[in-house]
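S.K.: Sending over a structure as structure tokens; questions will come in a sec.
There are 2 protein chains.
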Amino acid sequence: MTYRAPVPDILFTMRHVAGLDRAVADGVYGDLTPDLAETILEEAGRFANDVIAPLNREGDKHGVTLKDGTVTTAPGWKEAYKGWTEAGWNALPGPVEYGGQGLPTLLNSACVEMWNAASMAFGIGPVLTMGAIEALVQHGSDDLRSRYLEKLVSGEWTATMNLTEPHAGSDLAALRSRAEPAGDGTYRVTGQKIFITYGEHDLTDNIIHLVLARLPDAPAGTRGISLFLVPKFLPDGTRNDVRCHSIEHKLGIHASPTCTMIFGDNGGAVGWLVGEENRGLNCMFTMMNNARLAVGLQGVAIAERAYQQALGYANERRQGRAIGAAEGMSPIAVHPDVQRNLLTMKALTAAARAICYMTAEAIDRAHLEEDPARRKKANERASLLTPVAKAFSTDIGVEVASIGVQVHGGMGFIEETGAAQHFRDARIAPIYEGTNGIQAIDLVTRKLLLSGGETVRAQIAAMRATVARLLKENTPAFGATAPRLRDAIESLDRATSHLLQSLSSNAQGEALAGATPYLRLFALAQGGAALAEMALAANAQAAGGDTDPAHAGRIVLCRFFAENIAVGAKGLEETVMSGAGFLQDATLALAS
Amino acid sequence: MTYRAPVPDILFTMRHVAGLDRAVADGVYGDLTPDLAETILEEAGRFANDVIAPLNREGDKHGVTLKDGTVTTAPGWKEAYKGWTEAGWNALPGPVEYGGQGLPTLLNSACVEMWNAASMAFGIGPVLTMGAIEALVQHGSDDLRSRYLEKLVSGEWTATMNLTEPHAGSDLAALRSRAEPAGDGTYRVTGQKIFITYGEHDLTDNIIHLVLARLPDAPAGTRGISLFLVPKFLPDGTRNDVRCHSIEHKLGIHASPTCTMIFGDNGGAVGWLVGEENRGLNCMFTMMNNARLAVGLQGVAIAERAYQQALGYANERRQGRAIGAAEGMSPIAVHPDVQRNLLTMKALTAAARAICYMTAEAIDRAHLEEDPARRKKANERASLLTPVAKAFSTDIGVEVASIGVQVHGGMGFIEETGAAQHFRDARIAPIYEGTNGIQAIDLVTRKLLLSGGETVRAQIAAMRATVARLLKENTPAFGATAPRLRDAIESLDRATSHLLQSLSSNAQGEALAGATPYLRLFALAQGGAALAEMALAANAQAAGGDTDPAHAGRIVLCRFFAENIAVGAKGLEETVMSGAGFLQDATLALAS
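Chain order of the listed sequences is A and B. Numbering follows my numbering, in which position 434 of the first sequence is assigned residue number 434; successive positions increment by one, without gaps. To convert, take the position in the second sequence, counting from 1, and add 1000; that gives my numbering.
So this is what it looks like as structure tokens:
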């Protein structure tokens, strides 16, 4: 089962939930129009469908190989990457002054979803290049920018993020890699980095590593970490002192090389400082926030792919007879339990997509709004939504891929079918770019406190406004959407107050204990409100005479989410409220 | 990380939830005592830990090979299987008259959990042999029983279940394999069967296939299916006309061969009828009900294994500093979000184990009670609980294995760590022996109606009695266990009434639409009540002076389940209640 980019759903979400039309009207997006966006999306969709998607299964089977320090990607990957960069897709969001097209994050996010749905192992590479571009634009010296940005923007070269070391994963304070000044303005970087995505490969002539390391006199902890640019090949063409020591044998995304990188085996890799000394984490956070949204989009992408695969199978596979059907076997897609599975997959995917695209639009406004107060507000909204976009989307990516396997029955467990690959590929996304536990902690201990809680309050107020519109419309097709959604939002509101109060009274453990269920609760309310915005827009268009049957489908999907998924909010609220009581005695239960 | 059989938890669950002590007191279990049970469990645990568990990773990596029709298992597997049968483990539940030890299903279920936790790919083989023994004991002719039962009971030979064909999976009515009478009392069986677990292997000298096929004059549909015994080697030592055509490349349980079997390529495989003509499904159901419980136990097993692996890692891996800790990094097991993950894993595992063991005890009483009325009641309780045991346990098997990967962070995605294998292995259990969707439909459309609804009402009444005991105890350590559990049980009660009413008014779609969330709701209430029974017993023992710290742990675990997991009941009730509304328009949402 191949992938077909769902351009109509993507565009509808961009326009009516993420506010593309409003942003265009506000003049935030320059020359971009919804029509132009549609043209670009359709072109991107074709590339994803026709060039990348066919590589996905072969890439999984073939994987990557390491021999004498050289990593070789699967057959066809080099050509596909070349075609992709030559068509300008890597440059889409890049700054105009370095050859990019300067298009918004929102539009690029839709494309990122498509690249990753076509193949997660393909899509993850450019995510890292994009992060490096952002870091260099904001923190790189003129020299570094003029030397590297053009080729990174075009995609002629790729980039990597080198954070993790064997003893420093979620806790970067433990980082040990070192950088010594060479006296000529460069540094000699030594150390071992693990889990480096596309750390070595044969897709491009050069690879630009961004590496976190400590200067000799650096203070301990996270305030003593600096960021360095270490190219595989130096400007004079000689090979730098950095090599791929080994590649990992992973559960999924086999076609994406995950490397252990050794810097400075022979005296030190030549590197250049990016940004200020000991401020490396700040630079890295620039990369990480966008990368977090991109990984959230991977969750959406794999969920969409798994859904399409399951729907295709369910429409073809015949078993049993539907209630009221005549002779013969019916497609399993008509059986109620299979319908529930398929609707759950689609509804979760649509909700996660909506949250990711809303986050992207907030990132755009944080950069593009002229008014500083509006920029700040948008930046805080983006900050609030980013951990939800990352964690919820990647959690549902795994859940949806798992349901996808289930819909296939026995065939789902057979690798040739393809459903199992999605289940394996999906599993990395809740882990990398900050585990989902870390995202939840970020949400409750930092993001809730933005503007003294006003940012989250404003977000909840916007959800309530959606419910008010639902009630005003009072359309029978919405069923119990409004009351169910209202209950979910009120649960979110109470849980938010509880956590804000815990934090203000220094009950840190209470907030940490409730972080993960709170994030899910937030996503159920936000996702439900977003789907309701789509349903309201669909309803208005249908009332206006638009006969596209997709509009009725969007209302059904919204209702299904509210009545079958958002109803989990109350239980999550109770979990958050029951708080940290379990912590003090947890070790008793875990020891026995 | 290796496996250590959790004998104390297993024995406590058997005694204080599944009612081993009560059954012993009632005289149902003959000479068995809790002390003897403990001795057997410890011995089984040693075999699982020391012999089977070390094979699990190698078996996964090596898989099985097919060459010239011969399937070769991974190195060490043949010896381990031989040692296992020679130690008498296959014979444990077998009938005494055929060399078995005649020990109860409850005790064997605990052992089945251990074999499968040590290695699911190893454990699934004997499950099928056990099913075949049961079918032959109940339906086989004297001749077949005397010829095959002794070697199947000892495990010298294994057995298979041949149901599925390419066009007949969940829907056996579509089955096409044929059997022609040969005139000498035997039949010639022809057809292709797929997904045959251990259909061919090198562990034993002979393999006894039980095969569903149609007689020439058989009516269409499920009432025209008969069961045949087709041995790989005929009684005279010649090879029968059955062969393994191919083996599947699967997501998990790589060490277990999954075969496509061809019967009758050269004129027909010689087979013998088991039971009556056209009553094959009845015979097969005999096998399937016990196999369903066994697959539920696989879910418990893989969850326990994944939990142990994650706990071990979390106790060793140091990242970040715990609240209030001194210098240095703390084991991640002390961080609240990781504790939530570990407690969720353990609580779900314990609840699923309890439900499976309760089911096993009901199966025992259905066979062993002297009073026919009590036998009937126990049989209906077993019938009610079997789909819950199968589906809930295997669903949480996947969920727990997924959390287990997450606890490991990046290491979880690396195959060498082992967590990924559990995630892959676990995924088959919700599919085979009747998908979990089929289990849910069985629960709502058949099992709820047993004795006009009295069976399920009695089960709910027993849960309420547990809450009454909790309220009477009023122990502070129980926290909000009683009210949360009461809420969950009342949700179950209302959802049950709704479904019974739907069924009685012929609203079949309403029941089918709510089947899966209803099954989960049932399991949350039942699992919570079961853990409360354990907590009450632990509390009583602690009050009686028993200083085992495990007792306090059991109370914490019960409380965690009630306050953090059972609270999902209300949302599930609302889902069931919102009913089949989504069905009529589902295709609109799925088409768009």
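Ideal placement from N, C-alpha and C gives every residue a C-beta, glycine not left out.
So, helix, strand or coil for tryptophan 89 of chain A, using DSSP?
M.R.: Reduced to three states, the DSSP call for tryptophan 89 of chain A is coil.
S.K.: Would you verify that the beta carbon of threonine 516 of chain A is, or is not, closer than 9 angstroms to some beta carbon of chain B?
M.R.: yes
S.K.: Using a Cβ-Cβ cut-off of 9 angstroms, state whether asparagine 1474 of chain B counts as contacting chain A.
M.R.: no
S.K.: Report yes or no: do the segment 1084-1100 of chain B and the segment 1068-1075 of chain B share at least 3 C-beta pairs separated by less than 8 angstroms?
M.R.: As far as the Cβ criterion goes, the segment 1084-1100 of chain B does not touch the segment 1068-1075 of chain B, which means the pair count is below three.
S.K.: What residues are listed by DSSP as bridge partners for tyrosine 1148 of chain B?
M.R.: Bridge partners of tyrosine 1148 of chain B: none, in fact.
S.K.: So, for valine 17 of chain A: in the same chain, excluding its five sequence neighbours on each side, which residues have a beta-carbon less than 7 angstroms away from its beta-carbon?
M.R.: Answer for valine 17 of chain A: Ala354, Tyr357, Met358, Ala530, Glu533, Met534, listed in chain order.
S.K.: Rounded to a whole number of angstroms, what is the C-alpha to C-alpha distance between arginine 1466 of chain B and glutamine 1459 of chain B?
M.R.: Position check: residue 1466 of chain B holds threonine in this sequence, whereas arginine was assumed. If I take the Cα positions, the gap works out to 11 angstroms.
S.K.: Using a Cβ-Cβ cutoff of less than 8 angstroms, which residues in the same chain neighbour aspartate 493 of chain A once the five nearest sequence positions on both sides are dropped?
M.R.: Correct list, in chain order: Ile460.
S.K.: Check whether the Cβ of leucine 1503 of chain B sits closer than 8 angstroms to any heavy atom of the ligand MN, and report yes or no.
M.R.: The model on display carries no ligand, and the ligand MN is accordingly not part of it.
S.K.: Just the Cα atoms here: how many angstroms apart are serine 505 of chain A and valine 1338 of chain B?
M.R.: 23 angstroms
S.K.: Mind listing which residues of the segment 427-449 of chain A have their C-beta closer than 9 angstroms to chain B's C-betas, in chain order?
M.R.: Arg427, Ile428, Pro430, Ile431, Tyr432, Thr435, Asn436, Gly437, Ile438, Ala440, Ile441
S.K.: Report the neighbours of methionine 329 of chain A on chain B: residues whose CB is nearer than 9 angstroms to its CB, in chain order.
M.R.: His1167, Asp1171, Ala1173, Ala1174
S.K.: Quick one, which of B:Tyr1432, B:Gln1406, B:Gly1125, B:Arg1559 has its alpha-carbon nearest glycine 1479 of chain B's?
M.R.: B:Arg1559
S.K.: For the segment 223-238 of chain A, enumerate the residues whose C-beta is nearer than 7 angstroms to any C-beta of chain B, in chain order.
M.R.: none
S.K.: Kindly list the residues whose CB is nearer than 8 angstroms to the CB of leucine 1499 of chain B, restricted to its own chain and excluding five residues on each side of it in sequence; keep chain order.
M.R.: Val1444, Leu1448, Glu1510, Ala1511, Gly1514, Tyr1518, Val1576
S.K.: In chain B, what lies closer than 7 angstroms to serine 578 of chain A by C-beta?
M.R.: Ala1480, Glu1563, Asn1564
S.K.: Name, please, each residue of chain B whose Cβ falls closer than 8 angstroms to the Cβ of valine 556 of chain A.
M.R.: Phe1582, Asp1585, Ala1586, Leu1588, Ala1589
S.K.: Ignore the nearest five residues each way along the sequence and tell me which others in leucine 385 of chain A's own chain have a CB closer than 7 angstroms to its CB.
M.R.: Ile355, Met358, Thr359, Ala362
S.K.: Tell me the DSSP bridge mates of serine 226 of chain A?
M.R.: According to the DSSP secondary-structure assignment, serine 226 of chain A is paired through a beta bridge with A:Ala213.
S.K.: Taking 8 angstroms as the threshold, find out whether the segment 545-560 of chain A comes into contact with the segment 366-380 of chain A through three or more Cβ pairs.
M.R.: Cβ pair count under 8 angstroms is below three, so no.
S.K.: In three-state DSSP terms, what is valine 1071 of chain B?
M.R.: strand
S.K.: Answer yes or no: does any C-beta atom of chain B fall closer than 9 angstroms to that of leucine 11 of chain A?
M.R.: no
S.K.: Can you find a C-beta in chain A that's less than 9 angstroms from the C-beta of phenylalanine 1285 of chain B?
M.R.: Taking 9 angstroms as the CB threshold, phenylalanine 1285 of chain B stays off the interface with chain A.
S.K.: Does glutamate 1623 of chain B pass the burial test, meaning 16 or more other C-beta atoms within 10 Å, or should it be called exposed?
M.R.: Beyond the ends of chain B as shown, which are 1001 and 1592, falls residue 1623 of chain B; an answer cannot be given.
S.K.: Could you tell me whether the Cβ of isoleucine 323 of chain A comes closer than 9 angstroms to any Cβ of chain B?
M.R.: Yes, isoleucine 323 of chain A counts as interfacial toward chain B.
S.K.: Around the C-beta of arginine 239 of chain A, are 16 or more other C-beta atoms found within 10 angstroms, so that it is buried, or is it exposed?
M.R.: So arginine 239 of chain A ends up on the exposed side.
S.K.: Should the segment 1106-1115 of chain B be regarded as contacting the segment 1278-1286 of chain B, the criterion being three or more beta carbon pairs within less than 8 angstroms?
M.R.: no
S.K.: If you run the structure through DSSP and keep just helix, strand and coil, what is histidine 1249 of chain B?
M.R.: coil
S.K.: In whole angstroms, what separates the C-alpha of serine 1226 of chain B from that of leucine 1172 of chain B?
M.R.: 12 angstroms
S.K.: To the nearest angstrom, report how far apart cysteine 1259 of chain B and lysine 1250 of chain B are at their CA atoms.
M.R.: 11 angstroms
S.K.: Which residues in chain A have a C-beta closer than 7 angstroms to the C-beta of valine 1398 of chain B? List them in chain order.
M.R.: Ser402
S.K.: Going by beta-carbon coordinates alone, are leucine 557 of chain A and leucine 524 of chain A separated by less than 9 angstroms?
M.R.: Against a cut-off of 9 angstroms, the Cβ pair of leucine 524 of chain A and leucine 557 of chain A comes out as no contact.
S.K.: Nearest chain A C-beta to glycine 1544 of chain B closer than 9 angstroms, yes or no?
M.R.: no
S.K.: Comparing the C-beta of alanine 420 of chain A with each C-beta of chain B, is any distance below 9 angstroms?
M.R.: yes
S.K.: Given methionine 114 of chain A, which residues of its chain have a CB within under 7 angstroms of its CB, disregarding the five upstream and five downstream residues?
M.R.: Ala5, Ala44, Gly45, Ala48
S.K.: Taking Cβ-Cβ distances shorter than 8 angstroms, what residues in chain B pair up with glutamine 406 of chain A?
M.R.: Pro1430, Ile1431, Thr1435, Asn1436, Gly1437
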